[in-house]
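Chemist: For what it's worth, our numbering labels the leading residue of the sequence shown as -12, then goes sequentially.
Just so it is clear, CB atoms sit at the ideal spot from N, CA and C, and this is done for glycine as well.
I'd like to ask you about the structure that follows.
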Amino acid sequence: MEISQLLLANYLPYAKSTIMSRAIPSIDGLKPVQRRILYIMKDMGLIDGDNAKSQRINGQVMRIHPHGDSSIYEALILMSSGYDGLNVPYIRSKGNFGKKYSRDLIYAAPRYTEAKLSPICNELFDGIKENAVDFIDNFDATEKEPTLLPVKFPTILVNANPGIAVGTSSNIPAFSLKNVCLATQGILKGQIKTCRELSEVLGAPEFTTGGYLHTSEQSLVKLCETGKGSFVLSGHVEVYSNQIIINEIPYNTTAEDIMDHIEEHMKDNT
């Protein structure tokens, strides 16, 4: 087979599939593995009941996500309260789940940690048993899984969810849950009609590690108009005569990265 025919027959369908399912989150703000974890945990009764061992959750999720327990557990960690990566964590965790701001703090094995759904998840599943969303067969057609979750608020704007696939990627910033809900109400009531009015209600993106976001009103309006934009994040420090205390760091920076740079500059006397 010629290489052009091979690309058209095999690679392009694969590229399209990954772009649609991984590069850009679905309208419920979730990727397939995240949606499957939350759905199975709801099915296990972990929204009102006690915690369950993460290893048990892994095993149950593999019923509809046959890509290995490590990928499931890593996705679970990123949605947990212990990891501190989401403005509104979907999973309440118990044990060592690592930290968003640490490169070297390794999460514990799933047999040692526990998890359950956060109360906010009640707003993700309301109506799921009442034909609110479509269900499809899982990978071996032995059970059904939802194509989307019937979320009650724009989760895609509340929790940061980067994605990457073939030749394209996305990185949607997170905004305040309150501001997102107010903006949604304003649009539905016809009170918000322009991108400038929307940006005034949404405000600037917010991140769990704190710090300062440096941008302008024009940049935020452009972000709402085009979906594209950039801004600068900086940390917060307290300077004393004999020490510098770093209280907050930029979202995509780790404490170890900062220490490495400090050590490097100390060696260079800069």
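Suppose you measure from the CA of residue 140 to the CA of residue 113; what does that come to, to the nearest Å?
Modeler: Those two C-alpha atoms are separated by around 11 Å.
Chemist: If you drop the 5 nearest sequence neighbours on each side, which residues of the same chain put their C-beta closer than 7 Å to that of residue 158?
Modeler: Once the five neighbours on either side are set aside, the close Cβ partners of residue 158 are 149.
Chemist: Give the DSSP-derived three-state secondary structure of residue 183 in the structure shown.
Modeler: The answer is helix: DSSP assigns residue 183 an H, G or I state.
Chemist: When we look at the beta-carbon of residue 226 and count the other beta-carbons within 10 Å, is it buried (16 or more) or exposed?
Modeler: By the neighbour-count rule (16 or more Cβ atoms within 10 Å), residue 226 is not buried but exposed.
Chemist: Helix, strand or coil for residue 75, going by three-state DSSP, please let me know.
Modeler: Residue state, collapsed to three classes: coil.
Chemist: Thinking just about the alpha-carbon of each residue, which of 17, 67 and 22 is nearest to the one in residue 38?
Modeler: Looking at the Cα atoms, 67 is the closest of the given residues.
Chemist: Would you list the residues sitting across from residue 224 in a DSSP beta bridge?
Modeler: Answer is 233, bridged to residue 224.
Chemist: To the nearest whole angstrom, what separates the beta carbons of residue 152 and residue 6, a pair I think is in contact under 8 Å?
Modeler: Yes, residue 152 and residue 6 are in contact; Cβ-Cβ is about 4 Å, under 8 Å.
Chemist: Here's the rule I'm using: 16 or more other beta-carbon atoms within 10 Å means buried, otherwise exposed. How should residue 228 be labelled?
Modeler: Exposed, by the Cβ-count rule.
Chemist: Applying the criterion that 16 or more other CB atoms from any shown protein chain within 10 Å of the CB defines a buried residue, is residue 98 buried or exposed?
Modeler: Exposed, since its Cβ has fewer than 16 Cβ neighbours within 10 Å.
Chemist: Is it the case that the region 61 to 81 contacts the region 9 to 24, given that we only count it when at least three CB pairs across the two stretches are under 8 Å?
Modeler: Output reads yes: the region 61 to 81 touches the region 9 to 24.
Chemist: Helix, strand or coil for residue 40? Go by DSSP, reduced to three states.
Modeler: It is a strand residue.
Chemist: Would you call residue -12 buried or exposed, if buried means 16 or more other Cβ atoms sit within 10 Å of its Cβ?
Modeler: Residue -12 should be labelled exposed.
Chemist: If you compare alpha carbons, which of 255, 204, 196 and 210 is closest to residue 242?
Modeler: It is 196 whose Cα lies nearest to the Cα of residue 242.
Chemist: For the structure I just gave you, are there three or more beta carbon pairs, one from the region 103 to 120 and one from the region 132 to 139, closer than 8 Å?
Modeler: Yes, the region 103 to 120 touches the region 132 to 139.
Chemist: Just curious, the beta strand (DSSP E) that residue 199 is in, first and last residue?
Modeler: Where residue 199 is concerned, the enclosing beta strand (DSSP E) stretches over 199 to 201.
Chemist: With burial defined as no fewer than 16 other Cβ atoms inside 10 Å of the residue's Cβ, what is the status of residue 181: buried or exposed?
Modeler: Per the 10 Å Cβ criterion, exposed.
Chemist: Determine, using beta-carbon pairs with one atom in the region 20 to 35 and one in the region 174 to 188, whether at least three such pairs fall under 8 Å.
Modeler: They do not touch, by the three-pair rule.
Chemist: Would you mind reading off the limits of the alpha helix (DSSP H) that contains residue 112?
Modeler: Element bounds for residue 112: 109 to 112.
Chemist: Between which residues of its own chain and residue 144 is the CB-CB distance below 6 Å, once the five residues before and five after are set aside?
Modeler: Cβ neighbours of residue 144 beyond the five flanking positions: 162 and 167.
Chemist: Helix, strand or coil for residue 165 per DSSP?
Modeler: The answer is helix: DSSP assigns residue 165 an H, G or I state.
Chemist: State the Cα-Cα distance for the pair residue 218 and residue 199, rounded to the nearest angstrom.
Modeler: The alpha-carbon atoms of residue 218 and residue 199 are separated by roughly 10 Å.
Chemist: At what residues does the alpha helix (DSSP H) containing residue 30 begin and finish?
Modeler: Per DSSP, residue 30 belongs to the alpha helix (DSSP H) from 19 to 30.
Chemist: Is the CB-CB distance between residue 29 and residue 115 below 9 Å?
Modeler: The answer is yes: Cβ separation under 9 Å.
Chemist: In chain order, what residues of the same chain lie with their CB nearer than 7 Å to the CB of residue 155, ignoring the 5 residues before and after it?
Modeler: Only 6 and 10 meet the Cβ criterion.
Chemist: Would you identify the three-state DSSP class for residue 131, choosing helix, strand or coil?
Modeler: Strand at residue 131.
Chemist: Is residue 232 closer than 9 Å to residue 88 when the C-beta atoms are compared?
Modeler: The answer is no: Cβ separation not under 9 Å.
Chemist: Considering only the beta carbon of each residue, do residue 80 and residue 102 sit closer than 9 Å?
Modeler: A contact, by the Cβ cut-off of 9 Å.
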